[in-house]
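Encoded as structure tokens, the structure appears first; notes follow it.
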Amino acid sequence: MLLAADVGNTNVVFALFEPDGEGGYTTRARWRIATDPRRTGDEYAVWLLQLLNIEGVAREEITQIIFASVVPRADHNLTVLSQKYFGITPLRAGHGEAAWRFTIDVDQPSSLGADRALNILAAHHKYGGDLIVIDFGTATKFEAIDFNGTYKGGSIAPGINLSLDALVGKTAKLPRIAIRAPESTSVIGRNTEDQMLIGVFWGYVAMMEGIVARMKAEIGRPAKVVATGGLAILFDDATDIFDVVDADLTIEGLAILAQQAAG
């Protein structure tokens, strides 16, 4: 089996994959834990080995480990976890045998984050053609991928929760509210909380629709829009710009990359 870990700024997602009999993988289980760069390999092991036991999987059944990280301080601890508790030297996305095998056609290719690269890899592998990938995380990333799988560039915006945190943190009287879809499509709120929700939610929808429209105009060919990330489903009913909502795109990218590395 393959154990994969995607280390984001907010959460670490672990996934267990098993062979599908056709040279690929199917997802057996997924687990999520808050990102903490101070968490040691031993602490990861206490948590993870219990979950594997609940799933009925022995640690000896793990034969390959791969991880991607946008939090450099976490890399060493995941390597310790892999080597100490599984006896495996892990693959690190974007490095060595797990180097990217697609063209990164931007000014600074080395600056492309591993999470973004995995989305690019997985989206091209699964959907083909010209693509726009939107990843809703701590930041919201827009990626343009051509029909050859080449990354052509994109844009980065503050995530919706980050935007809300800034709004509340920089004002004295605005209350903290939870992000959710408003109960109506009206953009004229009757109280402060509704007005905040309208501004953040529908403002975000307008931003997404505007950027996607501009990206499609620049691409100049029909492009499928793939949404991923934890908050993608929040916007699915509020806009018609998504062709596909694929919540597991990033972690599946790790399985595809591991398969490529294995030859």
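Numbering (numbering that gives the first Met the number 0) for the sequence shown: 0 to 262.
Backbone N, C-alpha and C define an ideal beta-carbon position, used for all residues, glycine too.
This structure is a prediction, so every number in the text was calculated from the model and none was measured.
Close beta carbons around residue i, own chain, < 6 Å, minus the five adjacent residues each side
i    : result
V243 : V225
T102 : T149
Residues bridged to residue i (per DSSP)
i    : result
N10  : A33
F141 : I133 and S154
S68  : V6
R91  : F66
Y24  : P18
L230 : The partner list for L230 (beta bridge, DSSP) is empty, contrary to what the question assumes.
Limits of the unbroken beta strand (DSSP E) element including residue i
i    : result
K223 : K223 to T227
Cβ-Cβ distance between residue i and residue j below 9 Å
i    : j    : result
G152 : K140 : no
N118 : T249 : yes
A3   : F16  : yes
L233 : A171 : no
A254 : I65  : yes
I155 : I178 : no
V204 : A237 : yes
L1   : I61  : yes
N76  : T34  : no
G136 : L230 : yes
R91  : A67  : yes
Contacts around residue i, its chain only, beta-carbon distance under 8 Å, and the 5 residues preceding and following it disregarded
i    : result
I144 : I119, A122, H123, D129, L130, I131, V132, Y150 and K151
P157 : A138, T139 and A165
N-terminal and C-terminal residue of the alpha helix (DSSP H) that residue i is part of
i    : result
S109 : From DSSP, S109 is part of no alpha helix (DSSP H); its letter is neither H nor E.
L256 : L248 to A260
K169 : K169 -> no alpha helix (DSSP H), and no H or E assigned at all.
D242 : No alpha helix (DSSP H) holds D242; DSSP gives it neither H nor E.
S81  : D74 to F85
M207 : T191 to I218
D41  : G40 to E54
Identity of the residue in the options nearest residue i by Cα
i    : options                 : result
D41  : L163, I240, A73 and A57 : A73
W201 : A216, T191 and T184     : T184
L256 : F146, M214 and A116     : A116
A28  : L47, L77, Q82 and G219  : L47
V70  : V56, T102 and N10       : N10
W30  : G20, A14, D245 and S68  : A14
Contacting residues, own chain, Cβ-Cβ under 7 Å from residue i (five flanking each side not counted)
i    : result
I240 : M207, E208, V211 and V224
I197 : P181, V186 and G188
I218 : D129 and A143
P18  : Y24
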